[in-house]
Amino acid sequence: AQKITQTQPGMFVQEKEAVTLDCTYDTSDQSYGLFWYKQPSSGEMIFLIYQGSYDEQNATEGRYSLNFQKARKSANLVISASQLGDSAMYFCAMREGLRAGGTSYGKLTFGQGTILTVHP
Amino acid sequence: DAGVIQSPRHEVTEMGQEVTLRCKPISGHDYLFWYRQTMMRGLELLIYFNNNVPIDDSGMPEDRFSAKMPNASFSTLKIQPSEPRDSAVYFCASSAALAVETQYFGPGTRLLVL
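First to last, the protein sequences are chains A and B.
Read left to right, the first sequence gives residues 680 to 799 (this note's numbering).
Read left to right, the second sequence gives residues 7 to 120 (this note's numbering).
In structure tokens, the structure reads:
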């Protein structure tokens, strides 16, 4: 089963509008972390935002905010006031918690990504 | 402050040749990760180190792949012999700690095996 699901292969948004990129996750751990990374056409992976499972407030970083709904296991990325430079692939990732006897601790599992295109 | 440094940025080689990818993590980071990105499989963790010791190599595809971290500031990922299906972008990432810290990625090495 997919641990991270990004259901939108591609999204389009008008410049200066807000856009939401969807991410749902699957874990039985109580402690985990959720990340969003941006990958522009140049290929590098740029960290955008982090949400811990115990954080009560939604994470925000400038124009990025994470809409964390724990009961629904969703961690959607909201980009406000889109800019042309926001056009890129966006990945949602999860770091699961510590399991007794396991080595999954700390591993990032990535979704398949969403290509965002910002139109002028 | 320098980020994660990878070399080479691009590598083109012929099937059967040995390929060595290099990574310098961010100074002070205790964890180092090697990832591979392909169109078919997306981003996959290959192996990660803590304090230069390999912790989890379950993602290493086969014996042709090996990774070392001889000191805190250097790691290599070696493929010997290389095959066309190894063509991918290989990322190195580092983090200061596992529990709460973000992993910061290098620019990647784009490998093409002919």
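We put the beta carbon where it would ideally sit given N, CA and C, even for glycine.
| query | result |
| --- | --- |
| With 16 other Cβ atoms within 10 Å as the buried cut-off, status of M773/A | buried |
| Top-ranked residue by Cα proximity to I758/A, from R751/A, R742/A and G731/A | R742/A |
| Secondary structure of R116/B, DSSP reduced to three states | strand |
| R42/B in three-state terms, based on DSSP | strand |
| Spatial distance of G781/A from A760/A (CA atoms) | Because G781/A carries a pLDDT of 46, less than 50, the predicted location of this residue cannot be relied on, and the following value inherits that uncertainty. Their Cα atoms are separated by approximately 42 Å. |
| Three-way DSSP call (helix, strand, coil) for G781/A in this model | Low confidence applies here, because G781/A scores a pLDDT of 46, under 50, leaving its location unreliable; read the following figure in that light. Looking at G781/A - three-state DSSP - the assignment turns out to be coil, as it is neither helix nor strand. |
| Cross-chain neighbours of F97/B in chain A, by beta carbon under 8 Å | M724 |
| Delimiting residues of the beta strand (DSSP E) encompassing K717/A | G712 to Q718 |
| Environment of R42/B [buried if 16+ CB atoms lie within 10 Å] | buried |
| Simplified DSSP state of K774/A, which is helix, strand or coil | Per the sequence shown, residue 774/A should be read as Arg rather than Lys. Three-state DSSP puts R774/A in a strand. |
| Coil, strand or helix - P76/B by DSSP | strand |
| Sub-8 Å separation of Q23/B and P87/B beta-carbons | yes |
| Buried/exposed call for V18/B, threshold 16 Cβ in 10 Å | exposed |
| Per DSSP, the bridge partner or partners of K30/B | I11/B |
| Candidates M46/B, A94/B and K84/B, of which the one nearest G722/A by Cα | A94/B |
| Opening and closing residue of the beta strand (DSSP E) in which Y733/A lies | From DSSP, Y733/A is part of no beta strand (DSSP E); its letter is neither H nor E. |
| Backbone secondary structure at G792/A - three-state DSSP | coil |
| Closest Cα partner of Q685/A within the set E696/A, A697/A, F714/A and Q693/A | F714/A |
| Nearest-angstrom Cβ-Cβ length linking N755/A and L795/A, presumed shorter than 8 Å | Contact flag wrong, Cβ pair sits at about 13 Å. |
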